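Enquirer: Under numbering that gives the first Met the number 0, the residue at position 74 of the sequence shown is numbered 73, and the numbers go up by one with no gaps.
Beta carbons are placed, not taken as given, at the ideal position from N, Cα and C, and that holds for glycine.
The structure presented is a predicted model; accordingly, all values stated were derived computationally and were not measured.
Before anything else, here's the structure in question.
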Amino acid sequence: MYKARAELTREGYEIIPFGNSFEEDAGHVFIKGKEITIAYHGTRFKHGLWGLNDVITDLNASFTTSELLPEGGRVHRGFYNSFTDSWPNLYGILKSHAEKQGSKIKDFKINLTGHSMGGAVAKIAALCLNKTEEAKDIHVATFGDPRVFDLTASEIYNDALQETTIRVTQHRQDPVPAVSPGSFGYAHVGAQLRVAVPEGYSFHKTDGYHEAIYRTDEREFQSNNGVSLFYYPSKMLGRINSAVLGNAQYYAAHLLGYAFGQSNFFEEVKSKYENPSKNLFKIFVTGEK
0 MYKARAELTR EGYEIIPFGN SFEEDAGHVF IKGKEITIAY HGTRFKHGLW GLNDVITDLN
60 ASFTTSELLP EGGRVHRGFY NSFTDSWPNL YGILKSHAEK QGSKIKDFKI NLTGHSMGGA
120 VAKIAALCLN KTEEAKDIHV ATFGDPRVFD LTASEIYNDA LQETTIRVTQ HRQDPVPAVS
180 PGSFGYAHVG AQLRVAVPEG YSFHKTDGYH EAIYRTDERE FQSNNGVSLF YYPSKMLGRI
240 NSAVLGNAQY YAAHLLGYAF GQSNFFEEVK SKYENPSKNL FKIFVTGEK
C-alpha cells in the first residue's frame, strides 16, 4: 500500500530530494538507520504534456561508453546522461550520511527503484555504487523499464547484481520494456517478474503496477525469464553489434581519452566531497566550480 510522506517520517525515515542541472527533482533518498532507498522518477507527464527534458533523455538511444565499464560495454546515452547529471547531488547526500554514521557508503544496505525511465537510471546507479564504492548489499526493483545496457555491459552487471535485481513487467501489455530492442544490441538485466494489467487500470502506469503487485499472492512471486522465438535471432544480432560496433566505440573512446588526458568523472565527484574546504576556497578565489 502507498504511504504518505508524513507517515514515513513518523516511522523514522529521513526523506531527501536530489536534483539535476535543470533544477528539477531527479528522485528521493529515504534513509533509516543503516538502510538507504533511492527512488528515481520516471518520465514526467504534467498538464497533459510530456516533460521535454525527459523526452529528450528517452529518445537519445545511441550507445556511449562509461568509466563504470573499463573492461568494455556500452550504455544508453540518454539514460546515462540523466544519471550523471544528478549523481553529484546524490553522491553528496550518501557521502554526508555515511560520514555522520562514521561509516562508508558501502557499509549500508542500499535499495534502488524506479518506474519506466527511472528504472533504467536506477540500474545504472546500482552498477555505479557497486563499481565505484564497492557496495555489495545492493537490491534493485524496477517497474516497466526499458533496456539500458548492451550485451557486454549487461553481462558485467549480471555478474555483480543479477541475484538482487528484479524487473516487474506487464508482459506483452506494456511496450516500454521492449524499447531499446535487443536487435540493436541492448539486453535486459536481472530477473523478470511478470504481472498482468489489472482490470480498470491502464498499461504502464505506476498505479497499475502497484495494484498488480498488491493482488499477487506471495507464492506467485517467482521470476519468469521465458523468451519468445524472436529472442535468439535478436540476441545474435545484439552480440554481433557488441562485438563489432561496441569494441570499435570502446577503443576509440579510450584512445581519445588517453590522447586528450580525459579525467574520470566519478573520481572528480569524489574529490569535491573529500576536499570540501579546498573546493570552497577555489570557488571563492576563482569563481570556478
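Per DSSP, Leu7 is paired with what?
Expert: The residue labelled residue 7 in the question sits at position 8 within the sequence shown. For Leu7, which the question treats as bridged, DSSP gives no partner whatsoever.
Enquirer: Please classify Lys31: does DSSP put it in a helix, a strand, or coil?
Expert: Here residue 31 is taken as the residue at index 32 of the sequence shown, counted from 1. The answer is strand: DSSP assigns Lys31 an E or B state.
Enquirer: Taking the alpha-carbon of Val268 as reference, which of Glu23, Gly41, Glu66 has the nearest alpha-carbon?
Expert: Within the sequence shown, residue 268 is the residue found at index 269, counting from 1. It is Glu66.
Enquirer: If contacts are defined as beta-carbon pairs under 8 Å, then Val147 and Val74 qualify, I think. What distance do you get, rounded to the angstrom?
Expert: In the sequence shown, the residue the question calls residue 147 occupies position 148. In the sequence shown, the residue the question calls residue 74 occupies position 75. Indeed they touch by this definition, with Cβ atoms about 6 Å apart.
Enquirer: Under the DSSP definition of a beta bridge, which residues are partnered with Asp24?
Expert: Counted from its first residue, the sequence shown places residue 24 at position 25. Looking at the DSSP assignment, Asp24 forms a beta bridge with Gly18.
Enquirer: Applying the criterion that 16 or more other CB atoms from any shown protein chain within 10 Å of the CB defines a buried residue, is Ser179 buried or exposed?
Expert: Residue numbering aside, residue 179 sits at position 180 when the sequence shown is read from its first letter. Under this definition Ser179 is a buried residue.
Enquirer: Between which two residues does the beta strand (DSSP E) containing Arg166 stretch?
Expert: Working through the sequence shown from its first residue, we reach residue 166 at position 167. Looking at the DSSP string, the run of the beta strand (DSSP E) that includes Arg166 is 164 to 168.
Enquirer: Mark Tyr185 as exposed unless 16 or more other C-beta atoms lie within 10 angstroms of its C-beta, in which case mark it buried.
Expert: As a position in the sequence shown, residue 185 is number 186, starting the count at 1. Under this definition Tyr185 is a buried residue.
Enquirer: Report the residue from Leu111, Arg214, Gly101, Gly181 whose alpha carbon sits nearest the alpha carbon of Arg166.
Expert: Your numbering for residue 166 matches position 167 in the sequence shown. Selected option, being the one with the closest Cα: Leu111.
Enquirer: Identify whether Thr131 lies in helix, strand or coil by the three-state DSSP scheme.
Expert: Position 132 of the sequence shown, counted from the start, is the residue given in the question as residue 131. Thr131: helix per DSSP, three-state reduction.
Enquirer: For the region 157 to 166 and the region 77 to 93, state whether three or more C-beta atom pairs, one from each stretch, are separated by less than 8 Å.
Expert: These segments do not touch.
Enquirer: What is the DSSP secondary structure of Gly101, counted as helix, strand or coil?
Expert: Locating residue 101 in the sequence shown gives position 102, counting from the first residue. In this structure, Gly101 counts as coil in the three-state DSSP scheme.
Enquirer: Name the one or two DSSP bridge partners that Leu111 has.
Expert: On the sequence shown, position 112 is the one that residue 111 refers to. In DSSP, Leu111 forms a bridge with Ile37, Val139.
Enquirer: Should the region 78 to 94 be regarded as contacting the region 1 to 14, the criterion being three or more beta carbon pairs within less than 8 Å?
Expert: At 8 Å Cβ cutoff, the stretches do not touch.
Enquirer: Nearest to Ala140 by alpha carbon, out of Thr151, Ser153, Ser115, Glu154?
Expert: Within the sequence shown, the letter at position 141 stands for residue 140. Considering only alpha carbons, the answer is Ser115.
Enquirer: With a 10 Å radius around its C-beta and 16 neighbouring C-beta atoms as the bar for buried, classify Asp216 as buried or exposed.
Expert: Numbered from 1 along the sequence shown, position 217 holds the residue referred to as residue 216. By the neighbour-count rule (16 or more Cβ atoms within 10 Å), Asp216 is not buried but exposed.
Enquirer: Rounded to whole angstroms, what is the Cα-Cα separation between Ala211 and Pro145?
Expert: Stepping through the sequence shown from its first residue, residue 211 is reached at position 212. Stepping through the sequence shown from its first residue, residue 145 is reached at position 146. So the alpha carbons of these two residues sit roughly 19 Å apart.
Enquirer: Quick check: the Cα distance between Thr205 and Thr8, rounded to an integer number of angstroms?
Expert: Indexing the sequence shown from 1 puts residue 205 at position 206. Indexing the sequence shown from 1 puts residue 8 at position 9. Roughly 22 Å between the two C-alpha positions.
Enquirer: Using the C-alpha atoms, what's the distance from Gly118 back to Tyr1?
Expert: Along the sequence shown, one-based indexing puts residue 1 at 2. Along the sequence shown, one-based indexing puts residue 118 at 119. Taking the straight line from one Cα to the other gives about 18 Å.
Enquirer: Measuring straight from C-alpha to C-alpha, what distance separates Tyr200 and Glu273?
Expert: Translated into the one-based positions of the sequence shown, residue 200 becomes position 201. Translated into the one-based positions of the sequence shown, residue 273 becomes position 274. Near 48 Å, if we compare the C-alpha coordinates of Glu273 and Tyr200.
Enquirer: How close, in whole Å, do the beta carbons of Val188 and Thr164 come, if the pair is a contact with beta carbons under 8 Å?
Expert: Within the sequence shown, numbered from 1, the residue matching residue 188 stands at position 189. Within the sequence shown, numbered from 1, the residue matching residue 164 stands at position 165. Sure, about 6 Å apart at Cβ, within 8 Å.
Enquirer: Taking the straight line between their C-alpha atoms, what separation do you get for Gly143 and Lys271?
Expert: Taking the sequence shown and counting its residues from 1, one reaches residue 143 at position 144. Taking the sequence shown and counting its residues from 1, one reaches residue 271 at position 272. Spanning the two alpha carbons is a distance of roughly 35 Å.
Enquirer: Measure the beta-carbon distance from Lys99 to Glu132 and round it to whole angstroms, keeping in mind my assumption that it falls under 8 Å.
Expert: To locate residue 99, count along the sequence shown from 1; it is residue 100. To locate residue 132, count along the sequence shown from 1; it is residue 133. In fact, because the Cβ distance is near 16 Å, the residues do not count as touching under 8 Å.
Enquirer: Around the Cβ of Gln169, are there at least 16 other Cβ atoms within 10 angstroms (buried) or fewer (exposed)?
Expert: Your numbering for residue 169 matches position 170 in the sequence shown. Gln169 is buried by the Cβ-count criterion.
Enquirer: Can you tell me whether Tyr213 is buried or exposed, with buried defined as 16 or more other CB within 10 angstroms of its CB?
Expert: To locate residue 213, count along the sequence shown from 1; it is residue 214. By the 10 Å Cβ count, Tyr213 comes out exposed.
Enquirer: What number of angstroms, rounded off, separates the C-alpha of Ile92 from the C-alpha of Lys122?
Expert: Position 93 of the sequence shown, counted from the first residue, corresponds to residue 92. Position 123 of the sequence shown, counted from the first residue, corresponds to residue 122. When rounded, the distance between both Cα atoms is 19 Å.
Enquirer: According to DSSP, is His75 part of a helix, a strand, or is it coil?
Expert: Here residue 75 is taken as the residue at index 76 of the sequence shown, counted from 1. Looking at His75 - three-state DSSP - the assignment turns out to be strand.
Enquirer: Candidates Ala60, Ala25, Ile35: which alpha carbon is nearest Ser95's?
Expert: On the sequence shown, position 96 is the one that residue 95 refers to. Comparing Cα-Cα distances from Ser95 to each of Ala60, Ala25, Ile35, the minimum goes to Ile35.
Enquirer: What separation, rounded to the nearest whole angstrom, lies between the Cα atoms of Asp71 and Ile37?
Expert: To locate residue 71, count along the sequence shown from 1; it is residue 72. To locate residue 37, count along the sequence shown from 1; it is residue 38. Contrary to the premise, residue 71 reads as Gly rather than Asp in this sequence. Distance between the alpha carbons of Gly71 and Ile37: 27 Å.
Enquirer: Once the 5 residues before and after Phe264 are set aside, which same chain residues still bring their CB inside 7 Å of it?
Expert: Against the sequence shown, residue 264 aligns to sequence position 265. Cβ neighbours of Phe264 beyond the five flanking positions: Glu66, Thr83.
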